[in-house]
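Engineer: Once you've had a glance at the structure underneath, I'll fire off some questions.
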DNA sequence: AGCTAATCATAACACTGTTATGTAAGTCAA
DNA sequence: TTGACTTACATAACAGTGTTATGATTAGCT
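Chains as they are written, first to last, in this note's numbering: chain G, 1 to 198; chain C, 1 to 198.
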């Protein structure tokens, strides 16, 4: 990657972290990067290209957050730890998170490359959440369970961002999300245990 | 409400349903309504005012969707029916839903009046979801459970809107959401049953 | 060296929400 | 009816947005 490209991306990332999408205008980026506005078009595919990079950056953070250190811990704890990491990233990189879930720029839609990273992250989630399932569980079933967990936890993050939700503090939100998910995971485990016993 | 005000709002609502926020420019509204752009500012508080009206419109749809017809049915079914209505509204008025959850216009934030309607809808959700809880459950506990249900189901709707989620059809999404929620509700009921038995 | 392709700057285009200015219409009291 | 005052509307402009056409400059390669 060339110098100018790096400088532009750095400027964009800074502005994005500071003020979200509203602070991310082509002119603001070029001004901070010390280049002309045309630089965003010669090095990236316009603003879409910049947003794509930030989208990928966001999903990479999510991907790393799900990294599991203690592979020997009980499956239930491994998942909850992964989710804890997910929630931390969602807090720390809120602008990225909002971009990923279309909460910041209605006009933006991710490119093929960006979608590929997103799918990679989802596959990792499937791997992690499958730990509570029997090994011979069908792929579609594994995906279904991963989706349940993702929907649940993302629902909490998204509601936290909602304007109505001021009566609950951010840290309390994360605790609520984790305890609710624990309940749900236990329910899933119990269901499969019964299934095995039969 | 005056004539011009109604005409403007009608035009805005139509454009919104047709093309979402991106189709909702002040000039487009005024053009369709047959008035000058200044009309949006004399009858509403600019674009914010228009979005506020649509925000309220959206939450009223959600509110109505949770109306329960069969009050004598089992609590579990009453909730699932209410959620089914919620999902239908989310599909039918996708633009409104996205606006409500900040997925369409990053600049918009609802007024006090709009927030009030949102709180009213949430209170209704608390009432409905409390049906599976013992009558003497504390208000904060009731709220916590309502939040669990809302987060779960909204998480599914939000993921459905996500770009990565093309591998699942819309109707399938709703089925997945409902069955996952059923699992979760049963888990909650079981938990409270144990609590009572002790 | 000479040619080609990429990089950059200026300025402009078509859009956005908003507002200052001016005009016309309606309202109400003397 | 007349005069004063408020409201409704229109035109045009302002400051911002993403994008691009036109040139100029630079870099890489034959």
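Note that beta-carbon positions come from the ideal geometry of N, C-alpha and C, so glycine has one too.
All of these numbers come straight from a predicted model, not from anything done at the bench.
#1: Counting only beta-carbon separations shorter than 8 Å, does residue 189(G) have a partner in chain C?
#2: When you compare each of 109(G), 52(G), 184(G), 175(G) to residue 163(C) by their alpha carbons, which one comes out closest?
#3: Just checking my contact of residue 104(C) with residue 46(C) at CB under 8 Å: how many whole Å lie between their CB atoms?
#4: Please report the distance separating the alpha-carbon of residue 115(C) from that of residue 27(C).
#5: Thinking residue 101(G) and residue 158(C) are a contact (beta carbons under 8 Å), I'd like their distance in whole angstroms, please.
#6: Spatial neighbours of residue 205(C) within its chain, please: CB distance less than 7 Å, with the 5 preceding and 5 following residues excluded, ordered by chain position.
#7: Is residue 127(G) helix, strand or coil by DSSP?
#8: Please classify residue 105(C): does DSSP put it in a helix, a strand, or coil?
#9: With a threshold of 8 Å, are at least 3 pairs of Cβ atoms found where one atom belongs to the region 69–77 of chain C and the other to the region 27–42 of chain C?
#10: For residue 59(C), count neighbouring C-beta atoms within 10 Å of its own C-beta (all shown protein chains included) and say buried if the count is 16 or more, exposed if not.
#11: Consider the Cβ of residue 164(G): report whether some Cβ of chain C lies at a distance smaller than 8 Å.
#12: Quick one: is residue 74(C) near chain G, going by C-beta distance under 8 Å?
#13: Which residues in chain G sit within 9 Å of residue 110(C), going by Cβ to Cβ distance?
#14: With DSSP collapsed to three states, give me the class of residue 163(G).
#15: Is it buried or exposed, residue 174(C), if we count other Cβ atoms within 10 angstroms and call 16 or more buried?
#16: Within 10 angstroms of its Cβ, does residue 167(G) collect 16 or more other Cβ (buried), or is it exposed?
#17: I'd like to know whether the C-beta of residue 122(C) is nearer than 8 Å to at least one C-beta of chain G.
#18: Measuring CA to CA, which of 53(C), 48(C), 180(C), 81(C) is closest to residue 9(C)?
#19: Can you give me the start and stop residues for the alpha helix (DSSP H) that residue 59(G) sits inside?
#20: Taking 8 Å as the cut-off, does the region 127–136 of chain C touch the region 143–161 of chain G (at least 3 CB pairs, one atom from each stretch)?
#21: Of all the CB atoms in chain G, is at least one closer than 8 Å to the CB of residue 101(C)?
#22: For the putative contact between residue 50(C) and residue 12(C), defined by C-beta atoms under 8 Å, what is the C-beta separation to the nearest angstrom?
#23: Which bits of chain G does residue 20(C) rub up against, with CB to CB less than 8 Å?
#24: Would residue 180(G) and residue 148(C) be called neighbours here (beta carbons separated by less than 8 Å)?
#25: Rounded C-beta distance between residue 126(G) and residue 188(G)? I'm assuming under 8 Å.
#26: Residue 81(G) to residue 107(C), Cα distance in whole Å?
#27: Going by DSSP in three states, residue 179(G) sits in which element: helix, strand or coil?
#28: Under a Cβ-count criterion, where at least 16 other Cβ atoms within 10 Å of its own Cβ denotes burial, should residue 193(C) be classed as buried or exposed?
#29: What is the rounded straight-line gap between the Cα of residue 165(G) and the Cα of residue 3(G)?
Structural biologist: A quick look at the data gives this:
#1: no
#2: 109(G)
#3: Contact between residue 104(C) and residue 46(C) fails: their C-beta atoms lie close to 17 Å from each other, not under 8 Å.
#4: 27 Å
#5: 6 Å
#6: This structure cannot settle anything about residue 205(C), because the visible part of chain C is limited to 1 through 198.
#7: helix
#8: When DSSP states are grouped into helix, strand and coil, residue 105(C) belongs to the strand group.
#9: no
#10: Counting Cβ neighbours within 10 Å, residue 59(C) comes out buried, since at least 16 surround it.
#11: Taking 8 Å as the CB threshold, residue 164(G) lines the interface with chain C.
#12: no
#13: Residues of chain G whose Cβ lies closer than 9 Å to the Cβ of residue 110(C) are, in chain order, 163, 164.
#14: coil
#15: buried
#16: exposed
#17: So yes, residue 122(C) belongs to the interface.
#18: 53(C)
#19: Looking at the DSSP string, the run of the alpha helix (DSSP H) that includes residue 59(G) is 46–65.
#20: no
#21: yes
#22: 5 Å
#23: 106
#24: Using a Cβ distance threshold of 8 Å, residue 180(G) and residue 148(C) count as a contacting pair.
#25: Not quite, the Cβ-Cβ distance comes to about 14 Å (not below 8 Å), so this is no contact.
#26: 34 Å
#27: helix
#28: exposed
#29: 43 Å
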